[in-house]
Each structure stands twice: as structure tokens, then as C-alpha cells.
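The sequence shown stops at residue 1143 when you use this note's numbering, and every number in between is there.
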Amino acid sequence: MEVKIFNSADEIASAASEMFVKIINDKNDAVLGLATGATPVPTYGKLIEAYNSGKVSFKNVRTFNLDEYCDLPRDDKNSYYTFMHDQLFDKVDVCEENVNFLDGNAADWQKESERYSQAIESVGGIDIQLLGIGTNGHIGFNEPADAFTGDSFKVTLTQSTINSNQKYFGDVPMPRYALTMGIGLIMKAKKILLIATGESKAEAVKGMIKGEVTPKLPASVLNEHKDAIIMLDKAAASLL
Ligand code: PGA
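So this is what it looks like as C-alpha cells:
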């Protein structure tokens, strides 16, 4: 695991976006694993800038998102499908048919999990997977647990995750379930880039980097990946 510490979230966004641009330009049909949440938004902003200045095209890029809420229409304003279109897809030349999400409304989540794994495999696997980290050490919606998860599955969201995300839903109660790529599937990505910014992530970051590998802190599994890069701002790195 390679840990890089930056002065600001903006510097991380530039470095992360440069890493993505290089991968896309080296292999123009690159397969990107993408994440939602507040952390990757500045990186998506820099990718849009790179696209607008002609440094990169997403025309042949394939994307797979980490997770999606259950029991929410795909085009709900709070779905991750909508989030990704607002933050990136609608502002670059990605083709809609190359954009992939888990279907949080699938009748049978096990079949949906198989479909997603096969879709990823059929394009040769994910070249780079972007991740954030929860204050409880989750990645995707892989919450602290007794065992590491495998392929995609249906998760009951923890109170900690609900407390973090309810703000986006205002007065409407947020979904209690989501479909998420499991740890096993995430770990198959050829390269993983985890970004953490802000003091609220410092404890989870410390556990991930200094602690043992344990499903009680899911991000700690990245110690076992052969090409995982962790980008931190000073606040997120403050307990190292
Ligand atoms: P955040 O979420 O980027 O909104 O802090 C990260 C995560 O929960 O994975």
C-alpha cells in the first residue's frame, strides 16, 4: 500500500485526476470503477476540466459504480445513478451504454450480483477503482463485519452510514438497504485509489494503515492489494 500525503483536497483532486487521465490515455477503452460521496467530487471536477481542455476523452471508457441504494427509482434525485450523471457523466463524452450500475431495484439481488460480476469480467476487469472511506472504515457499503464479503450483495445500512448520508435526503427517510460491490470484487481491480480528506476520517485512516487487516475495518483489506494507493490530506493523515 502506498500512502501519499497532500497539503489540500484540491491537490489530491489534481493528482487523482492526472492518474485517471493517464490510464484513459494509455488504454482508451479503460474500465473505471467509480465512487460516490463528497470525497471524489473535486476529482470529478478536475476530470471535467481535463475533458474540456482536450486532454482526455471518455468516448470509449467503460464505468462501473460501487453501489446503489435499494427501493429508490434509478432517476431519483438521491440515487447514485443521478449523482454520477450530475457530477461527471453529463459533463463529459462518456457513452450511456458504457455506464454500469448495480440495479438496487432488481427482484433478485443474487442474480443481479452475478450479472454485475460477469459484466465486469466481460470487459477484462476494472483498471482502476476509486474509493472513499467511511468514518467507520467502510468501503463501498461494506460495513464493519465478522468476515470479508465477496461479490456484490444486499446490505442493511448501519446507523453510522445513515447518520452520515441522511442529510442528502432532507426530511424524507433515506433507504435502509443498498446493493454494493463486495470486498472480493473490489480487490479484483488492477489498481485501487482510495482518497480520504478531513479530520473526521483520521481515525479510520489510522486503523487502515497502522492496524491489523480485519473485516471490522473493511478498508484495512487494501494492505493485501498489490497496487493500492492511498491519497490523504493533512487532516486525514493527522493521527498517523
Ligand atoms: P464521503 O463518503 O466521501 O461522503 O465522506 C465516503 C464513504 O462513505 O465511502
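The C-beta atom is built at its ideal place from N, Cα and C for all residues, glycine as well.
How is the alpha helix (DSSP H) around A1022 delimited, first residue to last?
In the sequence shown, the residue the question calls residue 1022 occupies position 119. From DSSP, the alpha helix (DSSP H) with A1022 extends over 1012-1025.
Bridge partners for A1131 per DSSP, in chain order?
As a working note, residue 1131 is residue 228 in the sequence shown. Its beta-bridge partners are I1095.
Which runs of the beta strand (DSSP E), 3 residues or longer, sit entirely within the region 1027-1113?
Runs of beta strand (DSSP E) with 3 or more residues, each lying fully within the region 1027-1113, are found at 1031-1034, 1056-1059, 1080-1083, 1094-1099, listed in chain order.
Per DSSP, I927 forms a beta bridge with which residues?
Within the sequence shown, the letter at position 24 stands for residue 927. DSSP output for I927 lists no bridge partner at all.
Near the ligand PGA, which residues have their beta-carbon closer than 5 Å to a heavy atom?
Shown in chain order are the residues whose CB sits closer than 5 Å to a heavy atom of the ligand PGA: G940, A941, T942, G1035, G1037.
Span of the beta strand (DSSP E), counted from its first residue to its last, around E905
Taking the sequence shown and counting its residues from 1, one reaches residue 905 at position 2. Unbroken beta strand (DSSP E) run through E905: 905-909.
Report yes if the CB atom of L935 is closer than 9 Å to the CB atom of V906, and no otherwise.
Locating residue 935 in the sequence shown gives position 32, where the first residue counts as 1. Locating residue 906 in the sequence shown gives position 3, where the first residue counts as 1. Going by C-beta atoms, L935 is not nearer than 9 Å to V906.
Terminal residues of the alpha helix (DSSP H) in which G948 lies
Along the sequence shown, one-based indexing puts residue 948 at 45. Taken as a continuous stretch (DSSP letters only), the alpha helix (DSSP H) holding G948 covers 944-955.
Nearest neighbour of E1102, chosen from A1138, D1074, A1092 [CA to CA]:
Taking the sequence shown and counting its residues from 1, the one referred to as residue 1102 is at position 199. Minimum Cα-Cα distance from E1102 among the listed residues A1138, D1074, A1092 corresponds to A1138.
From Q1036 to K994, what does the alpha carbon distance come to, in whole angstroms?
Reading the sequence shown from its first residue, position 133 is the one you call residue 1036. Reading the sequence shown from its first residue, position 91 is the one you call residue 994. Position check: residue 1036 holds Ile in this sequence, whereas Gln was assumed. Their Cα atoms are separated by approximately 25 Å.
Count the other CB atoms within 10 Å of the CB of E971; is the residue buried (16 or more) or exposed (fewer)?
If you number the sequence shown from 1, residue 971 lands on position 68. Result: buried.
What are the complete alpha helix (DSSP H) segments, minimum 4 residues, inside the region 969-996?
Taken in chain order, the unbroken stretches of alpha helix (DSSP H) that lie wholly in the region 969-996 and span 4 residues or more are 983-990.
Name the DSSP beta bridge partners of L935, please?
Position 32 of the sequence shown holds residue 935. Answer is T966, I1031, bridged to L935.
Member of H988, L1005, D1006, G1007 whose CA lies at the smallest distance from the CA of C998
As a working mapping, residue 998 is identified with position 95 in the sequence shown. Answer by Cα proximity: H988.
M1034, buried or exposed, once every other Cβ within 10 Å from all chains shown has been counted against 16
Working through the sequence shown from its first residue, we reach residue 1034 at position 131. In the sequence as displayed, the identity of residue 1034 is Leu instead of Met. Under this definition L1034 is a buried residue.
Where L1062 falls, given that 16 or more other Cβ within 10 Å makes a residue buried:
Position 159 of the sequence shown, counted from the start, is the residue given in the question as residue 1062. The residue you asked about is not Leu; residue 1062 is Gln in the sequence shown. Classification of Q1062: exposed, given that the 10 Å Cβ count is below 16.
DSSP has D1136 in a bridge; who is on the other side?
Indexing the sequence shown from 1 puts residue 1136 at position 233. Assignment of beta-bridge partners to D1136 by DSSP yields F909.
Under three-state DSSP, which class holds V1002?
For this step, residue 1002 is matched to residue 99 along the sequence shown. In the three-state reduction of the DSSP assignment, V1002 falls in the strand class, which pools E and B.
Please confirm whether F1004 and F967 have their CB atoms less than 9 Å apart.
The count along the sequence shown starts at 1 and reaches residue 1004 at position 101. The count along the sequence shown starts at 1 and reaches residue 967 at position 64. Taking a C-beta distance under 9 Å as the contact criterion, F1004 and F967 qualify as a contact pair.
Below 9 Å between beta carbons: does that hold for K949 and S917?
Taking the sequence shown and counting its residues from 1, one reaches residue 949 at position 46. Taking the sequence shown and counting its residues from 1, one reaches residue 917 at position 14. Yes.
Taking the beta carbon of Q1013 as the centre, do at least 16 other beta carbons fall within 10 Å, making it buried, or is it exposed?
Numbered from its first residue, the sequence shown carries residue 1013 at position 110. Per the 10 Å Cβ criterion, exposed.
Alpha-carbon to alpha-carbon, K962 and A933
Taking the first residue of the sequence shown as 1, we reach residue 933 at position 30. Taking the first residue of the sequence shown as 1, we reach residue 962 at position 59. Those two C-alpha atoms are separated by around 10 Å.
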